[in-house]
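What follows is one structure encoded as C-alpha cells, with my remarks underneath.
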Amino acid sequence: MAYKTISVIVTDMVADAPALSAAAEIAVREQAHLDVHALGIDPARYEAMPVGTAAVILEAGADEARARADELVTWAEDILKAYDLSAVVAPAVVTTLGLDTTVARLVRYADLIVAAQPYGEEATQLQVLTLEAALFGTGAPVMVVPRKALDYSRPFDRAVIAWNESDESLEAVRKALPVLKGAEHSDIVMVDPPSHSPERSDPGGVLCLMLARHGVKSEVSILAKTLPRVSAVLNRFVAEHGSQLIVMGAYGHSRVREAVLGGATREMLETAQVPILMAH
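With the sequence shown counted from 1, adding 211 to any position gets you my numbering.
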C-alpha cells in the first residue's frame, strides 16, 4: 500500500503555501500524482433580496469567485514549476453553504490529503472548514502541516502515535501505515491510560504487535499528565525525541463539543510544530 494520489485544496496564497509545497514534495518522493483544487468562494448570501437586484448580486459574486479561483490556479502552477511531478491544478467555484459537499467530492479519491494548519497566525476560517470537510467527508488520511518550512522530500525517520485505544486512533494508524513502514522508529505514546481498559495489563502491547507484523519498529511509552493539557505532554515528548510526525485520531468527541471545550484534537492542531497525520 502506498499513497499514489495526493490532493491539496488551496483557498489562500499565504495560508496555504506550506501545504502546497509539502504536498508537492511528498508527491515527488512517493512518485505520486498531485491534484490541486483551487477554490473560489462565492461571497453572495443566498437570502431574501430586493426585487430586481438578486440576479445582479448573484452574478457578481460568481464572477468574483471565478476570478479568485483562476488567480489561485496561476499561483499554484507557478510554484509547481519547480517540481518534477505529475500534477493537475483545477479551479472550482463554491458557495459557503456547499463547501462541505464540494470539498468531499473533490478529494474523495485521494490516498492522502494535505492541509495547512487551521489555527493560529495567518490561518483562516476557510482552512478549518475545508479540513473538517476532508476529514468527515472522505475517510482518507489528512496530513496537517505546520506553517514553518520543513523538509518533506525524505521519509519521516521517527513518528509518534498518540494512542488512546479509540476507534479513531486505530483508524489513523491503519491509514498511516505507508508512512510508519518507512520510518526508522515509531513511539506509541499513551498519556494516563485508563485503569479500566481491556488492555490495562499491557497498554499499547497489541498495537505494537500489529505494527511489528507490518515491519514497523515501535515501542510503548506511558506518560503521566504532568502538564495541564495532553497536547502539551505530547508536544514535549515530540521535542525531546526529535520526532518528525504525529499520528492521531481526529475528534474523539462530537465536533460541537470539540469546538466549545477545545479537546486534544484542536489543541494539537493549534500547537504542533510537526505534521499531524489524522483520520476519522
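Virtual Cβ for every residue (Gly too), placed ideally from N, Cα, C.
Remember, it's a predicted structure, so these values are computed and weren't measured experimentally.
Which residues in the same chain have their Cβ closer than 6 Å to the Cβ of residue i, if we skip the five residues on either side of it in sequence?
i    : result
S218 : D246, V318, A321, I324
A238 : I217, L245, L296
V371 : D398, V400, V449, S454, I457
R411 : none
Y214 : E241, A243, D322, L323, P389
T335 : D223, A226
Which residues does DSSP list as the beta-bridge partners of residue i?
i    : result
M401 : I433
I290 : In the DSSP output, where bridge partners are listed per residue, I290 has none listed.
M489 : V353, M459
Whole angstroms are fine: how far does the CA of residue j sit from the CA of residue i?
i    : j    : result
A228 : L391 : 25 Å
L310 : D253 : 10 Å
A470 : T476 : Bear in mind that a pLDDT of 48 at A470, under 50, signals an unreliable position, so the number given afterwards is only what the model happens to contain. So the alpha carbons of these two residues sit roughly 10 Å apart.
H407 : L342 : 33 Å
K292 : A230 : 16 Å
V431 : V444 : 15 Å
T482 : E332 : 11 Å
H452 : R277 : 46 Å
T285 : V300 : 9 Å
S232 : S377 : 32 Å
G474 : Y330 : 14 Å
H425 : E382 : 15 Å
R440 : M459 : 16 Å
Measuring only between beta-carbons, confirm whether residue i sits less than 9 Å from chain D.
i    : result
L418 : This model lacks chain D altogether; it includes just one protein chain.
In the DSSP assignment, the alpha helix (DSSP H) including residue i goes from what residue to what residue?
i    : result
G474 : 474 to 482
G393 : 388 to 393
D311 : 310 to 318
V239 : 228 to 241
H244 : From DSSP, H244 is part of no alpha helix (DSSP H) but of the beta strand (DSSP E) over 244 to 253.
V219 : No alpha helix (DSSP H) contains V219, which is instead part of the beta strand (DSSP E) from 216 to 221.
L445 : 441 to 452
Kindly indicate the opening and closing residues of the beta strand (DSSP E) around residue i.
i    : result
V417 : Run containing V417: none in the beta strand (DSSP E); it sits in the alpha helix (DSSP H), 416 to 424.
P302 : 297 to 306
Determine, using beta carbons only, whether residue i and residue j come nearer to each other than 9 Å.
i    : j    : result
L296 : D223 : no
A490 : K359 : no
R369 : L456 : yes
A435 : S429 : no
W374 : L308 : no
S442 : E395 : no
M354 : I220 : no
A303 : G348 : no
E379 : A315 : no
A280 : A249 : yes
If you drop the 5 nearest sequence neighbours on each side, which residues of the same chain put their C-beta closer than 7 Å to that of residue i?
i    : result
D274 : none
I433 : M401, P404, P414
Grab me the residues of residue i's own chain with a C-beta within less than 8 Å of its C-beta, minus the 5 sequence neighbours each way, in chain order.
i    : result
R447 : L438
A266 : Reliability fails at A266, whose pLDDT of 43 lies under 50, so the model's placement of it is uncertain and the value that follows must be treated cautiously. Taken in chain order, the list of residues that qualify is empty.
R240 : Y363, S364, R365, P366
Q484 : P357, K359, N446, V449, A450
I290 : A228, L231, S232, A235
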